[in-house]
Every structure is written in structure tokens, then in C-alpha cells.
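There are 2 protein chains.
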Amino acid sequence: MAQRDTGTEQLIKDTAKRIFFSEGKLHATTQDIADAAGVNRTLLNYYFRSRDILFEQVAIEAREEMSAVLDHVFTAQLAFKEKLQQLINVFMDQAMKFPYREVYIVTELNRTDKAVPEEKKVRIKAFLKEISEEMDAGKIKKMDPRQFLMNLFSLMAYPLITNCLNKSIYNINDNEYLKLMKDRKKLIFEMIYQ
Amino acid sequence: MAQRDTGTEQLIKDTAKRIFFSEGKLHATTQDIADAAGVNRTLLNYYFRSRDILFEQVAIEAREEMSAVLDHVFTAQLAFKEKLQQLINVFMDQAMKFPYREVYIVTELNRTDKAVPEEKKVRIKAFLKEISEEMDAGKIKKMDPRQFLMNLFSLMAYPLITNCLNKSIYNINDNEYLKLMKDRKKLIFEMIYQ
DNA sequence: TTGTTGTTTGACAAAAATGTTAAACATAAT
DNA sequence: ATTATGTTTAACATTTTTGTCAAACAACAA
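Written out as C-alpha cells, the structure reads:
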């Protein structure tokens, strides 16, 4: 396919991701993406054949990027406590850059009525087991381990999705918001781990 | 305007809300909404003039419905503990019905590049003050009260937004999911209030 | 240089979504 | 029954978005 790699294909995908995941413009058109990338719209068809294929490719890579982060932390040779700290650190850094990534994944699934892709559940199950053991050891409050994971991801992801609302509600500017989000890393850890 | 109220205007809005807030189909067209409501698409223009006006009206009412719930609980004549329990109970019931309501509000703001509407901050400020007092009284962990509120809403809202993903990741069906969400009410309260 | 191949562009075509209009319809009042 | 008024519909028009194609362009090889 791409014999002379001009970087255009990657540029288009990166731009699409910026618009969708960072700016949260889920209704962006192919023209919007082309303009933002500074390329002719026809190139989107040249590299991806159709809008739907491009959008799905972006969704697929979003899921892959997500799994990659989680797998990396889940399989790290670390004690649970350190794993947790690293997970919070890495995930929140990504969430601050791409706050709407999960929202994009979900809305694309809702839009296309496509079956939810079966996740590789081995890593998750192993981590759920670790969580259970930590509960037995009294390091974290006893509950359904799935609830524990939902709590964790909720605390990390949601405030960034509702960024614009929070800034209005709590009367804070960009800098202060950034500080609040950085503080959250420590706060979340202390909240779920004694 | 509506001398003979046939209920059509309300039907259109209710249908739009169902599609946007419940089904999470944020890319729905006017035709999609008309079909789902079982009415001629022209009626959307008859009652709302344009698509944009309808969509903004829906967003405005979404914010109003949200504030209404919060205001009601915030100003209730109850002790903080009971207020919190009621808030969790009422908010999660709504979130289970309309999981994507906040997402709709946010994406409409991002789509239209409209200024974030200034919220009535009096009630919020009063509640933030109550939270501070509760912290001083040792009933909740000390932190920035805004973080406390973010925690609370994150824990309530996020798992419902990611419903379809969670079902795949944790291998659960609709019924089990419903039970998990009901259990969360108690779980969230115990997590943030000693 | 010339030919080859992959890339980019503009003009055009097609499809999808939204908006407009006149006429049909229904209901209530005269 | 007839008129008046608000509601609904179908046909049409417009705008927006997406897709196609041939030609121009750029890099590389023979």
C-alpha cells in the first residue's frame, strides 16, 4: 500500500483523534477533519475508502490504546499498591489528554448498533483476583471487585468529561482545573486504598 | 401558540430525549426522531422551526431537569447525611433512566462552540459549605469540597455511561447490571461518608 | 531524460439531511 | 352547515455531507 510514506495517513488519524478525543467534537465531519489536518478531503477517501471505515478504525485504535495501558500496568511486576498508583498516574495522564476517548467509543457503538467487541478478559480477571486478595488482606474496603474497578475508573474519567460544566459550576479557570486534576491522583488513591 | 394541544410538541421532545439521553444516539437525525415518535418530520419544523432550535431546547431542559433535582435536594430540610442519601437515591434513579444526559449537554456545548451557561451558584456554594462543615465534624474525609462533589457525581454517573463496555468487560447481563447499579447506591454512600 | 508509480488536488456526482410550501385534515365556534 | 383556525401531510427545494474520477504533481528508477 503505502510505499512512499508521507505521513499523511497517520496525520489524518491523529487529527481525527484530537478532534474526537480531546476537543469532544463528536459530530465532526470529514471536511472538519481534513481542514484541521490541512489536507484535501479526498485524501480521507484515498487512505480509508469511506468515512465509516475511518471512524471505525479510530474507534478500534482507541480501544487498543486503552487495553495497552491497562495490560501494561496489570502485568507489571509490582505489588498491588504500586500497580494501583501507576494505573492512576498513567490513566489520568491519558485522560487529561484525551478526556472524551471512552465517550467516543461508546457513542460509536450506539451509533452503529454494532455488537460490543469481546474484550480479552484474562488480564481483567487476574486483576480482579488481586483486588479480592487485597480486600482479604484488609488493604481495601470489602465489596464486589467489579464495583471497586468501576469506582476507580469513574473517579479518574468523569471529572474530565464534564470539564466545561465543572469550570462553570465551581468557578475555576484552566490552571486551577489542571491543579485540581493533578491533586486527584493522590486523592483517588487515598480514597480507595488505606 | 398551541391552542389545541395535541401533545405532539411534547411527544417530539420526549422522543428526542429518549433517543439522546437513554439510547445515547447522539448522532440521531430529525428523521430518526420523527420516525421514533411516529410523526411526520415536518412537524419538527412546525413546532421548533429548525433542528438546531429543537436540539438546543432539549439541552436547555436537560440542564433544567438536572438543576431541579439538585436544588430540590440541596434545599431540603434534612440533615446532611439524609440529604446525601436522598441525593444519591434520586440522582441515580434518573441516571439509570437517562445515562447519557450529561454527555448530551457536554457534546452539544462542544458542537456549537457556545459559551458555557452560567449556573446558579448559590445553591452549590451553600452545599459546598455544608460539606466543609461535615468535614470539620469528622463525618467525611477532609479534602477540597469541590473534589468531594466531583467524586460523588463521578461514582454515580460514569458506570452508567460505560454500561455497554462494562457488560462486556465484566461479563454481566442486563439483570445483573441493574442489581450492581442498585447496590451502588449504598456502596457510594458508605464510601464517602463514615 | 523518460517512464513509472504513488500521492495530491479540483471538479463533478451522488447521497443524506434539513427546510419550505401548499393543500388536506380535524376541531371548535358561529 | 359553514367558517375559521390550528394541525398534519406530501411534494418539492435547498443545503450539507460524502464519494468518484481524471488530471496534475512529486519522487524514484531505468
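Read top to bottom, the protein sequences are chains C and E.
Counting along the first sequence from 1, when you hit position 52 you're at 52 in my numbering, and nothing is skipped either side.
Take the position in the second sequence, starting the count at 1, then add 1000; the result is the number in my numbering.
Glycine included, each C-beta is placed from N, C-alpha and C at the ideal position.
Using a Cβ-Cβ distance under 7 Å, would residue i count as near chain E?
i	result
D124 of chain C	The question names Asp, but residue 124 of chain C in the sequence shown is Ile. Cβ-Cβ to chain E under 7 Å: yes for I124 of chain C.
L152 of chain C	no
L84 of chain C	no
N110 of chain C	yes
P159 of chain C	yes
E119 of chain C	yes
Q147 of chain C	yes
L87 of chain C	no
L54 of chain C	no
L43 of chain C	no
Got a sec: is the Cβ-Cβ distance from residue i to anything in chain C below 7 Å?
i	result
M1096 of chain E	no
V1116 of chain E	yes
R1101 of chain E	no
S1168 of chain E	yes
M1001 of chain E	With a pLDDT of only 37 at M1001 of chain E, under the threshold of 50, the placement of this residue in the model should not be trusted; the figure read from the coordinates follows. So, not an interface residue.
T1199 of chain E	One cannot answer for residue 1199 of chain E here, as it falls past the ends of chain E, which runs 1001 to 1194.
L1178 of chain E	no
L1070 of chain E	no
Q1187 of chain E	It should be noted that the sequence gives Leu, not Gln, for residue 1187 of chain E. True, the Cβ-Cβ gap to chain C drops below 7 Å.
L1078 of chain E	no
Kindly indicate which residue of the options has the alpha-carbon position closest to the one of residue i.
i	options	result
L1087 of chain E	E:K1120, E:M1156 and E:G1138	E:M1156
D1196 of chain E	E:T1030, E:A1062 and E:R1184	This structure leaves residue 1196 of chain E out entirely; chain E is present only between 1001 and 1194.
I1169 of chain E	C:E108, C:Q94 and C:K120	C:K120
M1181 of chain E	C:M150, C:R101, C:Y193 and C:G24	C:M150
L1043 of chain E	E:E1190, E:A1115, E:H1072 and E:E1009	E:E1009
Q1094 of chain E	E:E1118, E:E1065, E:T1107 and E:A1034	E:E1065
T1215 of chain E	C:I12, C:G24, C:K13 and C:L11	Here chain E has residues from 1001 to 1194 only, and residue 1215 of chain E is not among them.
Y158 of chain C	C:Q77, C:L70, C:Y100 and C:F20	C:Y100
A137 of chain C	C:N166, C:I161, C:Y193 and C:K125	C:Y193
L1160 of chain E	E:T1006, E:K1013 and E:S1022	E:S1022
F127 of chain C	C:K141, C:E118, C:R146 and C:K114	C:R146
N89 of chain C	C:Q77, C:V73 and C:A79	C:V73
T1107 of chain E	C:Y177, C:K125, C:K179 and C:C164	C:C164
E134 of chain C	C:K97, C:A79 and C:N175	C:A79
E176 of chain C	E:Y1177, E:D1144 and E:L1187	E:D1144
What did DSSP end up calling residue i once you bin it into helix, strand or coil?
i	result
D1183 of chain E	helix
T29 of chain C	coil
F1098 of chain E	coil
I1172 of chain E	coil
M143 of chain C	coil
R63 of chain C	helix
Q1194 of chain E	coil
D5 of chain C	coil
Q1077 of chain E	coil
P1117 of chain E	coil
R111 of chain C	helix
A126 of chain C	helix
E1023 of chain E	coil
V69 of chain C	helix
V103 of chain C	helix
T15 of chain C	helix
Rounded to whole angstroms, how far is the Cβ of residue i from the Cβ of residue j, which I believe are closer than 8 Å?
i	j	result
I1105 of chain E	A1062 of chain E	5 Å
R18 of chain C	M92 of chain C	Their Cβ separation, rounded to whole angstroms, is 19 Å, which puts R18 of chain C and M92 of chain C out of contact at 8 Å.
V103 of chain C	L109 of chain C	Not a contact, Cβ separation roughly 11 Å.
Q1085 of chain E	F1153 of chain E	Wrong, their Cβ atoms sit about 15 Å apart, outside the cutoff.
With respect to 6 Å, is the separation between the Cβ of residue i and the closest non-hydrogen atom of the ligand SAH below this value?
i	result
D144 of chain C	As far as ligands go, the structure on display features none, and thus does not contain the ligand SAH.
Legend entry - Within 8 Å of chain E by C-beta, residues of the segment 11 to 36 of chain C in sequence order: E23, G24, K25, L26 and H27
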